[in-house]
Amino acid sequence: MNDFLDALTLARWQFGLTTLYHFLFVPLTIGLAFLVAILQTCWYRTGKAKYLRLTKLFGKIFLINFAMGVVTGIVQEFQFGMNWSNYSRFVGDIFGAPLAMEGLIAFFLEATFIGLWIFGWDKLPKGLHLASIWLTSIATMLSAYFILAANAFMQNPVGYEINAEKGRAELTDIGAVLLNPVATHQFPHTIFASIMFAACVMVAVAAWHLKRNQFVDDMRTGLRFGLWANIVAFAGVALSGHLLGEVMTQTQPMKMAAAEALYNTASGADASFSIFSLGTPDGAHEIFSVRIPYLLSFLSTGTFDGTVEGIRDLQGEYTQQFCGADSTLLTCPTDGSFVPIVWVTYWAFRWMIALGGLATLVSIVGLWMTRKNRAVPMWAWRVAIWTAPIPMVASLVGWIFTEMGRQPWLVFGVMTTASGVSPGVPGWAVLVSLIVFTLVYGSLAVVEFKLITKAAKVGTPDLSADGDDDADADASKLQTVY
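In short: position in the sequence shown from 1, add 1073, done, that's this note's numbering.
What follows is the structure, given as structure tokens:
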């Protein structure tokens, strides 16, 4: 019973679940804002009404998702004070800076320009109205950057010093925090992944209507637009992911070792990447695997003869460095282990890659099957519809890999997770709030899904009563109602 009510375990579960739930909305908001801006630009440049209709349809889905993301994001910041007060007190001076910038700069810009975009259809000049959605998109990405900069400090702490008298970390270089190499490399990876998710949602909506032979011209354009966007975004994900892997190896070598279940240091051909592996229950010994020689070396160092440190060597180094005579309760885990849960890290890394590749494969096949207005079998539409959640799940397991691979650190090399939990909060209180949040978030998920599916099933709007498709002639009649 005591283990069941352990405050640390429950606090970790609560933060993990609420964070993953919030991240259901974040990538779709970022990706849709960008793709809707492109669609509206196509209308602005070509005058073709189909682009305007697609802009309005996916713009409505974007707004529904944006509102839900705001609601679920508020809970995240409260948890730092409620469940992680030791962490907030110790690193709040650094961690709070990018979070404050996100609220005061990025979210302010989002709220301002999204308002102009919603209510400015028949009030602003077309060019200025177009600028408002582009500025909204830029603001959503800026917001993501500040959040990633805060998270990057936990992965690779920079720009600070420890004030021994006050017993806390203090900010010394905001530039180093904002330009943390983990943040600068994780940002494009996150943005491209967000575009993949939004593109697949577009594909699913278009496929649902095309399966029923509805809004054929609009939806065919939306379908192929989404397919191309997904492929291009995946190329960005792959490239940025490779560069991020190199940075991760430099800043968190234990995470890369756990991602490959690499127990002994290896280099060259021995630093191989296992596509599939079976091991002993404790994960310490391999029974069977399918491997690609040199690939882990390339992913980790960018060369085919690089050296990748193994779990056993790193455990010894960390034990000497963080659990020696000069260690503190903040740097030495209670069990003395610096190894994350290997099977979680190992499989999360592979599922992230596999799901992203699967979504892209569907898009490539989809472009081939829909070329030159060819007939598409019904099963293909069903596959396209179910593609929508694949990049979302890939992003979620990617974050599981990122956060679980950092354990047992809350701030790498500075504070263990066990040291950051609130000392005065009993386990039962965390459990009650976890149950309440789960029930509330479950209800919100149902509402979100129904609102988005309802908007998607309505399809593209009729811009004129007489059916005239001339966008310029109808410009004065257009009005968005949400």
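For every residue, glycine included, the Cβ atom is placed at its ideal position computed from N, Cα and C.
Requested in this report: Flag this pair as touching only if the region 1453 to 1470 and the region 1270 to 1288 have three or more C-beta atom pairs under 8 angstroms; answer yes or no.
Outcome: yes
- Message: How far does the alpha helix (DSSP H) with Ala1311 in it extend, from its first residue to its last?
- Response: Val1289 to Thr1324
Exposure label - Ala1308; buried when at least 16 CB within 10 Å
Around the Cβ of Ala1308, a 10 Å sphere holds fewer than 16 other Cβ atoms; the residue is exposed.
Is Asn1303 near Ala1453, with beta carbons less than 8 angstroms apart? no
May I have the straight-line CA-CA distance separating Gly1089 from Met1477, to the nearest angstrom?
Roughly 10 angstroms between the two C-alpha positions.
* **Counted within 10 angstroms of its Cβ, other Cβ atoms place Gly1556 as buried (16 or more) or exposed** => Absent from the structure is residue 1556, since the part of the chain shown begins at 1074 and ends at 1555.
*Out of Cys1405, Val1412, Thr1407 and Gly1200, which has the shortest C-alpha to C-alpha gap to Leu1387?*
Val1412
### Query
Can at least three beta-carbon pairs, one atom from the region 1471 to 1485 and one from the region 1417 to 1431, be found at a separation below 8 angstroms?
yes
Is the region 1480 to 1497 touching the region 1221 to 1230 in the sense that three or more CB pairs, one from each, lie closer than 8 angstroms? yes
**Message:** On the criterion of 16 or more Cβ atoms from any shown chain inside 10 Å, does Asn1286 qualify as buried, or is it exposed?
**Reply:** exposed
Determine the burial state of Gln1325: buried for a count of at least 16 other Cβ atoms within 10 Å of its Cβ, exposed for fewer.
-> buried
- Buried or exposed: Ser1347, going by 16 or more other Cβ atoms within 10 Å of its Cβ? buried
Range of the contiguous beta strand (DSSP E) that encloses Tyr1233 | Boundaries of the beta strand (DSSP E) around Tyr1233: Tyr1233 to Asn1236.
Task: Limits of the unbroken beta strand (DSSP E) element including Val1484 - done: Here the beta strand (DSSP E) through Val1484 covers Trp1482 to Val1484.
request  = For Asp1291, collect the residues of the same chain with a Cβ closer than 7 angstroms to its Cβ; drop the 5 residues on either side in sequence, then sort them by chain order.
outcome  = Listed in chain order, the non-local C-beta contacts of Asp1291 below 7 angstroms within the same chain comprise Lys1123, Arg1126, Leu1127 and Thr1533, local neighbours out to five positions each way being set aside.
Check your understanding: Which full runs of the alpha helix (DSSP H) of 4+ residues lie inside the region 1488 to 1538, going along the chain?
Key -> 1490 to 1493 and 1500 to 1531
Q) If you draw a straight line from the alpha carbon of Phe1510 to that of Met1442, how long is it in whole angstroms? A) 44 angstroms
>> According to DSSP, simplified to helix, strand and coil, what is Ala1242?
In response: strand
Hey, quick one: how far does the alpha helix (DSSP H) through Ala1386 stretch, first residue to last? Note that residue 1386 is Asp in the sequence shown, not Ala. Ile1384 to Phe1395 is the extent of the alpha helix (DSSP H) around Asp1386.
Practice item. Kindly indicate which residue of Phe1107, Val1143, Ala1280 and Ala1344 has the alpha-carbon position closest to the one of Pro1366. Key: Ranking the options by Cα distance to Pro1366, first place goes to Ala1344.
Quick one: residues in its chain with C-beta nearer than 7 angstroms to the C-beta of Phe1168, no 5 flanking neighbours on either side, listed in chain order? Ala1223 and Phe1226
Could you check whether the region 1243 to 1258 touches the region 1207 to 1215, counting it as contact only if at least three pairs of C-beta atoms, one from each stretch, sit closer than 8 angstroms?
no
*Residue nearest to Lys1523 in terms of C-alpha spacing, selected from Gly1193, Cys1396, Glu1243 and Asn1138*: Asn1138
Buried versus exposed, by CB contacts within 10 Å (16 or more), Ile1327: Reading off the sequence shown, one finds Met at residue 1327, where the question assumed Ile. It counts as buried.
Pick from Asp1535, Ala1528 and Leu1536 that is closest to Phe1131, judged by C-alpha positions: Ala1528
Subject >> Own chain, CB closer than 7 angstroms to Ile1235, minus 5 neighbours either side, in chain order >> reply: Ala1242
Exercise for review: Mind checking who Ile1365 pairs with in its DSSP beta bridge?
Suggested key: According to DSSP, Ile1365 bridges with Phe1346.
Burial state of Lys1196 (16 or more Cβ within 10 Å)
exposed
For Trp1501, count neighbouring Cβ atoms within 10 angstroms of its own Cβ and tell me buried if that reaches 16, exposed if not. exposed
Checklist entry - Does the beta-carbon distance from Thr1380 to Ser1350 come in below 8 angstroms? => result no
> Tell me which same chain residues have a C-beta within less than 6 angstroms of the C-beta of Pro1481, skipping the five on either side of it?
Replying inline: Pro1406, Thr1489 and Thr1490
Within a Cβ cutoff of 8 angstroms, which residues of the same chain sit near Leu1093, ignoring the five residues on either side of it in sequence? Leu1469, Trp1472 and Ile1473
Beta-carbon proximity check, Val1456 vs Trp1157, cutoff 8 angstroms:
no
Just verifying my parser: in three-state terms, what is the DSSP assignment at Phe1088? helix
- Task: Check whether the Cβ atoms of Leu1191 and Leu1136 lie closer than 8 angstroms to each other.
- Result: In the sequence on display, residue 1191 carries Ile and not Leu. It is a contact, given that the beta carbons lie within the stated cut-off.
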